[in-house]
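The sequence shown finishes on residue 386 if you use this note's numbering, and the numbering steps up by one all the way, no holes. Glycine included, every Cβ here is placed at the ideal spot set by N, Cα and C. See structure below.
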Amino acid sequence: MNSIDKPIRIAQIMGKLWAGGVEMVVFNYYREIDHSKVQFDFYYDADSTVEPPQELIDMGARFYKIPPYQHLFKYLKTLKMYFEKNRYTIVHCHINTLSVFPLFMAWKCSVPVRIAHNHSVPGGESFKRTTLKYFLRLFSQVFPTDYFACSKKAGIWLFGKKKYDNGRIKIIKNAVDFDRFKATDIELANTKNKLGLNNKFVIGHVGRFTFAKNHKFIINVFKEISNLKSNAILLLVGDGEMNEEIHNWVRENKIEDKVIFVGQVTNPEIYYQLSDVMIVPSIFEGLSLATIESQIAGVPVVVSDAIPEEAVISNGVMRLKLSDNWIDAIIEIAGKNVILNEKSKDYNIEYAAKKLECWYIEKCKKQHEVING
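Written as structure tokens, this is what we have:
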């Protein structure tokens, strides 16, 4: 077990790395914590689409490549080896309902603090995948000692309303570095020129190319807007398993010359600022980092009602049902002067990371006191 007079090593169970979503949130927290007090060991699946950031390794983070959970025996065996070798006080799991597997092994290895952190809620995925989530949810409270979630909605879905009402679920905001969303005029001008966005009406979307993000809806809405505004451009930032399908939809709608596929990037913040308006018509979401980041970047955003109210931190958000009139809403809100409200400070990584760092340290101190009487 870690001595509390040297940096605490926290095992962060990440699943697959793909340069977005959950890993960006955890990486944001890692960048901001005091590395002389707390360090992270990241465990990620061997079939990840990106490599660990060298920047984090230089800060002292360690990355362990492990078999994906689909090879469950190898997955658990590898975790057992590392948990026994590194003797963690805290294992923090970010893989939603799948956290049952690493937390089982953490329990077997007598790790005293075992955190289940839910970042999502189920939606309209395949029957098989949804059924698995609901089945695994039955075991969500067996092995954790502590319960985290990105929002009230996500916390209640996985751990239950009773736990939330009893104060057992800690809400960890999807916090970001506000300073990253202040690109210089030169940076913006150079990127605009490179992408050919001068004098264009730019509609942006940042998100994984997956079912939940609802790209078909995005493309259909954009086509209607492009019929009204000849200078409209759709900026899609991200990648994922539906890449080919989304490209096909663009070709079928004959709007290839109006859609820019940016791909997977490590600096999504600049693409928000290139947009006149962002759209997030998700079918389901735990919170929606893109909604938060858009507002911090000062760009108005139109979102579906799947996005929780907690993600509204300014005057620059319109929440709509998917059946509502998105075309008029997007044109109406585009270019609006976005003013953050008081709730926005909770999403400032400087503030949020300090709170989490203190929580980790306090937990480790208590365990140290238990062991030493």
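N-terminal and C-terminal residue of the alpha helix (DSSP H) that residue i is part of
i    : result
G34  : 34-45
F235 : 228-241
H260 : 256-265
M118 : 113-121
A167 : 165-172
L69  : 67-71
I343 : 339-346
L333 : Premise fails: L333 lies in the beta strand (DSSP E), 330-333, not in any alpha helix (DSSP H).
V383 : 362-384
A310 : Neither: A310 is in no alpha helix (DSSP H) and is coded neither H nor E.
T91  : 85-99
Q286 : 282-286
I199 : 198-208
Reference residue i, options the options, closest by Cα
i    : options                : result
M291 : K378, G180, T304       : T304
I21  : F53, Y43, G28, F40     : F53
S243 : N328, V126, D270, H260 : D270
D359 : I352, I326, F235       : I326
L89  : H107, P157, P65, W120  : W120
G220 : L69, E36, M27          : E36
S153 : L116, S133, I199, S123 : L116
E345 : H260, P313, F274, D198 : P313
T279 : G34, I26, G28          : G34
K50  : E375, E382, V113       : E375
M72  : F86, A59, H84, H48     : H48
E254 : E237, V234, Q277, V38  : Q277
Y43  : K174, P321, I23        : I23
V275 : T204, I343, D60        : T204
D337 : E355, S317, F235       : S317
H84  : G28, Y95, V38          : G28
L302 : F235, A32, L333, V38   : V38
V126 : E306, T144, L145, C106 : C106
F161 : Q380, Y373, A342       : Y373
A74  : K367, Q25, H130        : Q25
F76  : I384, A59, F86         : A59
Proximity below 7 Å, CB of residue i to CB of residue j
i    : j    : result
I128 : D159 : yes
F172 : I185 : no
Y147 : L111 : no
Q286 : A319 : no
L300 : C163 : yes
L30  : Y57  : yes
I362 : A188 : yes
W262 : I232 : yes
I273 : L208 : yes
P281 : V250 : yes
V124 : V155 : no
G348 : D289 : yes
W170 : V113 : no
K166 : P321 : yes
F235 : N256 : no
E237 : I70  : no
Nearest-angstrom Cβ-Cβ length linking residue i and residue j, presumed shorter than 8 Å
i    : j    : result
N41  : D252 : Wrong, their Cβ atoms sit about 20 Å apart, outside the cutoff.
L92  : I108 : L92 to I108, Cβ: 12 Å. No contact.
S239 : I259 : Going by Cβ atoms, the distance from S239 to I259 rounds to 16 Å, so no, they are not a contact pair.
V315 : M331 : 5 Å
L333 : A324 : The Cβ separation is near 14 Å, so there is no contact.
N131 : G168 : 6 Å
Q308 : L353 : 6 Å
Residue range of the unbroken beta strand (DSSP E) whose run includes residue i
i    : result
K271 : Counting along the chain, K271 falls outside any beta strand (DSSP E), and DSSP gives it neither H nor E.
F55  : 51-58
F76  : 75-79
Q105 : According to the sequence displayed, residue 105 carries His and not Gln. Segment 103-106, the beta strand (DSSP E) holding H105.
G251 : G251 -> no beta strand (DSSP E), and no H or E assigned at all.
S317 : 314-317
K183 : 182-184
H130 : 126-131
F152 : F152 -> no beta strand (DSSP E), and no H or E assigned at all.
D159 : 159-162
I21  : 21-28
F214 : 214-219
I292 : 290-293
Near the ligand NAD: residue i beta-carbon under 6 Å from a heavy atom
i    : result
I268 : Summarising the ligand content, the structure contains no ligands, and the ligand NAD is consequently not present.
C-beta neighbour in chain D for residue i, strict 7 Å
i    : result
A245 : The structure shown contains no chain D; it holds only a single protein chain.
- Item | the stretch 231-251 / the stretch 209-216 touching (three or more Cβ pairs under 8 Å) | yes
- Between the stretch 97-104 and the stretch 59-68, do three or more beta carbon pairs fall short of 8 Å? no
- Are the stretch 190-201 and the stretch 221-235 touching by the rule of at least three beta carbon pairs closer than 8 Å? no
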